[in-house]
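Novice: In the working numbering, the protein residues as written are 7 to 152.
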Ligand SMILES: [Zn+2]
């Protein structure tokens, strides 16, 4: 870039920033930022966007909690069933049938005795004890009702 071009570009960018899309998704307005960090067309849209973000975060939390509570109820139901008491394991199809969501858990820990992954759901744990037959073991770590 020649020296003259550089001067010209610099003068333009000093004078005004290029048009920008407001970060609030529903806003269709292009605006000229008065500052390079300005990402909303106006103060109200900044507030709206942050409120929407907060509502989304709350919705995600509620979704997780609902799913986790549902998982816990299923683990409790199966763990206290006559079949489980007799055999000490549960079939995967039963968990599926009850609507257990394997993607929702609080954390995964490793069972030091078996070396296997264990899904933790509140005070319950779920461990695949036979991958071929798809048997799961369910345990209640605290052994009390929440
Ligand atoms: Zn806007």
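Cβ atoms here follow ideal geometry from the backbone N, Cα and C, with glycine treated the same way.
#1: Going along the chain, which residues of its own chain have a beta-carbon closer than 7 Å to the beta-carbon of residue 47, five neighbours each way excluded?
#2: Could you check what DSSP says for residue 42 in three-state terms: helix, strand or coil?
#3: By Cβ distance below 7 Å, which residues in the same chain neighbour residue 7 in space, the five residues on each side in sequence not counted?
#4: Excluding the five sequence neighbours on either side, which residues of its own chain have a C-beta within less than 7 Å of the C-beta of residue 97, listed in chain order?
#5: Given the structure, does residue 23 come close to ligand 1, in the sense that its CB is under 7 Å from one of the ligand's heavy atoms?
#6: Residue 71 to residue 129, Cα distance in whole Å?
#7: Go ahead and pull the three-state DSSP assignment for residue 123.
Specialist: Considering the structure as presented:
#1: 28, 33, 35 and 37
#2: coil
#3: Residue placement at residue 7 is poorly supported in this model, since its pLDDT is 43, which falls under 50; the coordinates still yield a value, given next. Cβ within range, chain order: n/a, list empty.
#4: 140 and 141
#5: no
#6: 14 Å
#7: strand
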